[in-house]
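One structure below.
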Amino acid sequence: MQLKKTLTRVLGATVLLAASIGLVQAQAKPALTEIKISYQPALYWALPFFVATEKNWWGELGLKPEFSTFPAGVPQIAASASKSWDVGGTGSVPAVLGYVRFGIKTIGISNDESAGNALLATPKAAEAFATNPQSLKGQTIVLTGNSTGDYAVQSCLKKYGLAKTDVVIKNMGQGEIISAMSSGNADFGGLWAPNIYTLEEKAGAKVICSGKDGGAFVPGALIVRGDYAKENPQNVAKFLAVYMRAWKWMNANKPQAIVMMKKFYELGGVSISEASMKKEFDTRPNYDLATELKIMDSTKGLSQADVWFNSIAAFMQSTGAIQTVPAANEYLTDEFLKMVNADKKLREFANNSK
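Residues -26 to -1, 1 to 328 in mature numbering (1 follows the signal peptide of the UniProt record, and there is no 0) are what the sequence shown spells out, letter by letter.
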């Protein structure tokens, strides 16, 4: 009986000790702060979100991401009205639209996607175009309106001395464009990567002109809702630090990054060859903290990013998407990049390639 009482006391003390340790650990580990992140799935510039999640880098800075995805930038921007997301990545065209309609701020550049937005043609149409670019006149081009793909197509038309009125533009989602061109129901389409590679590999389509070929610089945008930026500046800075660390790691570990890209793309319903995945890295530069700060620096006048976005806004005005061209420095801000750089922990985190 005495032995039983002793065992009971020991067991009870052990349970209390375990409970106490658990309580202390819970108190020592602060709760993670939720941050709602929006993006478009299976895109090169969105891969850092996936990598950071796999590596648990969000948690290291006290963040708990909640993701929402959209098929294109316009519906993504519209969703900001209901505060369904706080920060995210999108194309530069919807980023401008987001400022005009909802006060969304652009806080960084995700990548240079000038070569990743292009006008493609079916094999027969591409052959005719190569012989005579003016054969494009009067043709129907299917594209996603108010997108970076649209911007690239318009720059390509301009390169060949054609105006938007010289062709017939039909608005479609990217998946619909792939289906239409694969089935022979459309000869020309405006797409962005990796949809470009999907159409090349599955239907033999050819890139006849990219945004880069047309002289258009197409930056990707990192964005934040204006009200969220004012209320949670530290979270915005942490978001940028995590994003830049992911690029640092991917650039230093490309074979592993390709493996993760394959998984990420397949989760988004995209399957392309390893050669095409490597092309994403080879043709689309991304930026570290120092370069981001340089691109966004407007202390001596217009920043490089200001120039890019002013050109994009002018294009949007010409298409009727916006009525007036807002000054880029109204919605582009390096405030949060500077916060990362000024904070030793965040700066070292953003520059860590391991």
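Yeah, the Cβ is synthetic: ideal placement off N, Cα and C, and Gly gets one too.
Counting C-beta atoms within 10 angstroms of its own C-beta, P193 has 16 or more neighbours from the protein chains shown and is therefore classed as buried. For the stretch 178 to 246, the full-length beta strand (DSSP E) segments reaching 3 residues or more read 180 to 184 and 193 to 198 along the chain. In terms of CA proximity to E8, K38 leads the group A26, Y18, K328 and K38.
Secondary structure remark: continuous beta strand (DSSP E) runs of at least 3 residues inside the stretch 61 to 149, in chain order: 61 to 65, 79 to 86, 91 to 95, 114 to 117 and 142 to 145. Close CB contacts of A287 within its chain, under the 8 Å cut and outside five residues either way in sequence, are with V70, I296, V299, P300 and A302 (chain order).
For the stretch 282 to 320, there is no continuous beta strand (DSSP E) assignment of 3+ residues that stays within its boundaries. In the DSSP annotation of this structure, the continuous segment of the beta strand (DSSP E) that includes W166 starts and ends at F162 to W166. For T172, the three-state secondary structure derived from DSSP is helix. Its Cα nearest to that of N106, the residue I182 stands out among N225, W223 and I182. Excluding residues up to 5 positions away in sequence, L267, M270 and D271 lie with their Cβ nearer than 7 Å to the Cβ of D308 in the same chain. As computed with DSSP, L37 is found in a beta bridge with T7.
One thing to note: L263 has its Cβ no nearer than 8 Å to the Cβ of A211. Under the three-state reduction of DSSP output, T273 falls in the coil class, being neither helix nor strand. Spanning the alpha carbons of V198 and T114 requires a straight line of approximately 36 Å. For G189, the number of other beta carbons within 10 angstroms of its own is below 16, and it is reported as exposed. Between E87 and P168, the beta carbon gap of about 11 Å keeps them out of contact (Cβ cut-off 8 Å). Non-local beta-carbon contacts of V74 in its own chain, meaning distances under 8 Å to residues more than five positions away in sequence, involve I296 and P300 in chain order.
In this model, F289 and A195 are separated by some 17 Å (Cα to Cα).
About 7 Å separates the beta carbons of L214 and I81, which is inside the 8 Å limit, making them a contact pair. As DSSP reads the structure, S42 sits in a beta bridge with S12. Nearest C-alpha to K236 among W221, K252, A226 and W223: K252. Residue range L21 to E28 is occupied by the alpha helix (DSSP H) that includes L21.
Here P22 is near A220, since their CB atoms are less than 8 Å apart.
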